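1047 is the number of the first residue of the sequence shown in the numbering used here; add one for each residue after it. No residue lacks a Cβ here, since even glycine has one placed at the ideal position from N, Cα and C. All figures in this text were calculated on a predicted structure; none of them were measured in a lab.
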Amino acid sequence: MKTNPGRFFEDYTLGQRIAHAVPRTVSGGERALYHALYPARHALYSSDAFAQSCGLAAAPLDDLAAFHVVFGKTVPDISLNAVANLGYAEGRWLRPVWPGDTLRSVSEVIGLKQNSSGRTGVVYVRTRGLDPQGEVVVEYCRWVMVRKRNPDAPAPETVIPELKPALSPGELVIPDGLDFTGYDFELAGEPHRFGDYQIGEQIDHVDGVTVEEAEHMLATRLWQNTAKVHFDATQREDGKRLIYGGHVISMARALSFNGLANAQMIAGLNAGAHANPCFAGDTVRAWSEVLDKAETAAPGVGAIRLRLVATRGGDAFTLKGADGKYLPHVLLDLDYWALMPL
């Protein structure tokens, strides 16, 4: 048999290391397509001149575009037979990705837990994206629910990794040379700086985008994500294609420009949950809450911790019901650190 059916839950072992196939050289084409798919407007990723005024050699690839490239490499080995991608933790962007860089991905299985039904299990992995020099550019943990090939296969020993609820500001890596002391707020699009945001403040990003079948499948193919549920409508009982969770993340992040235009670079991913599935026809809206703030050692650079929530309507700023479960209109609950001028 020469075709690849993908790994099922019983194919994973604790400590297993997986080197993912098909390295990818990125270019300005990825940036152009990323900005076409999402209303992405953060100035540092849009303009070489703006990035140079902030101490960088040029505008790097958008941090979430780099994340998607690294993530996409892992899908044939980790989530080809996934039911759902469940969450993220301990994500860090360690080096900017430049046009011309070739990225590859490696993962380690750090946890396994069979579900009570015996038909699926949760696989925990730590993934690292590497540049041509073998340096890690982005790393993160995620856990995914995967089908079993044989429901009667014995369950592995349950190991649930201890993951940090959040990164400390000291664990964030600031790109070499980043300097916001001469930051041009007019060109960036908004006057709001680090000191203008208060912990506990909530920001309605106002705008919405209705997701279409063609665009989400184009985006998912762009990142070479081959998960069956995103393309094959027969993979779900409801006959719907499930929209890649990263598409929702990027859409919400792009919408957050309206109110957070100066949250320029994502430096850390503390936690994340795809609370409910997203389908074509859903209109994605977003709001943010300021969770924490910290100054950094880089000149003029502050770190702001944000909760980014994507919804398809429903009561604004309401996440969960009395039972503690996410309400049906909540699509994404993401906790991340961004870099912002002081």
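- What residues match up with residue 1387 in a beta bridge as DSSP calls it? Answer is 1347.
- Query: Do residue 1248 and residue 1363 have their CB atoms nearer than 8 Å?
  - Reply: The answer is yes: Cβ separation under 8 Å.
- Applying the criterion that 16 or more other CB atoms from any shown protein chain within 10 Å of the CB defines a buried residue, is residue 1177 buried or exposed? So residue 1177 counts as buried.
- Item | Rounded separation between residue 1048 and residue 1322 - CA only | Approximately 36 Å between the Cα atoms of the pair.
- Would you identify the three-state DSSP class for residue 1297, choosing helix, strand or coil? Residue state, collapsed to three classes: helix.
- Whole beta strand (DSSP E) runs in the region 1268 to 1336 with 3 or more residues, listed along the chain? Runs found: 1311 to 1320.
- Does the region 1139 to 1153 come close enough to the region 1162 to 1182 to have 3 or more Cβ pairs within less than 8 Å? Judged by Cβ distances under 8 Å, the region 1139 to 1153 makes contact with the region 1162 to 1182, as three or more pairs qualify.
- Task: Please report the residue range of the beta strand (DSSP E) in which residue 1110 lies.
- Result: Membership of residue 1110 in any beta strand (DSSP E) is not indicated; the residue belongs instead to the alpha helix (DSSP H) covering 1109 to 1124.
- Hey, which unbroken runs of the alpha helix (DSSP H) at 4 residues or more fall wholly within the region 1054 to 1089? Qualifying alpha helix (DSSP H) stretches, in chain order: 1074 to 1083.
- Select from 1138, 1306, 1230 and 1383 the residue whose C-alpha is nearest the C-alpha of residue 1099. With distances taken between Cα atoms, residue 1099 lies closest to 1230.
- Message: Measuring only the C-alpha atoms, how far is residue 1225 from residue 1128?
- Response: Spanning the two alpha carbons is a distance of roughly 42 Å.
- Item | Bridge partner(s) assigned by DSSP for residue 1174 | According to DSSP, which records beta bridges pairwise, residue 1174 is partnered with 1152 and 1185.
- Apply the 10 Å Cβ neighbour rule to residue 1312 and answer buried if 16 or more other Cβ atoms are within range, or exposed otherwise. The C-beta of residue 1312 has 16 or more other C-beta atoms within 10 Å across all chains shown, which makes the residue buried.
- Message: Just to confirm my understanding: we take residue 1069, look at its own chain, exclude 5 residues before and 5 after, and list those with CB closer than 7 Å. What are they?
- Response: Cβ neighbours of residue 1069 beyond the five flanking positions: 1148, 1149 and 1150.
- residue 1191 (DSSP reduced to helix, strand or coil): Three-state result, residue 1191: strand.
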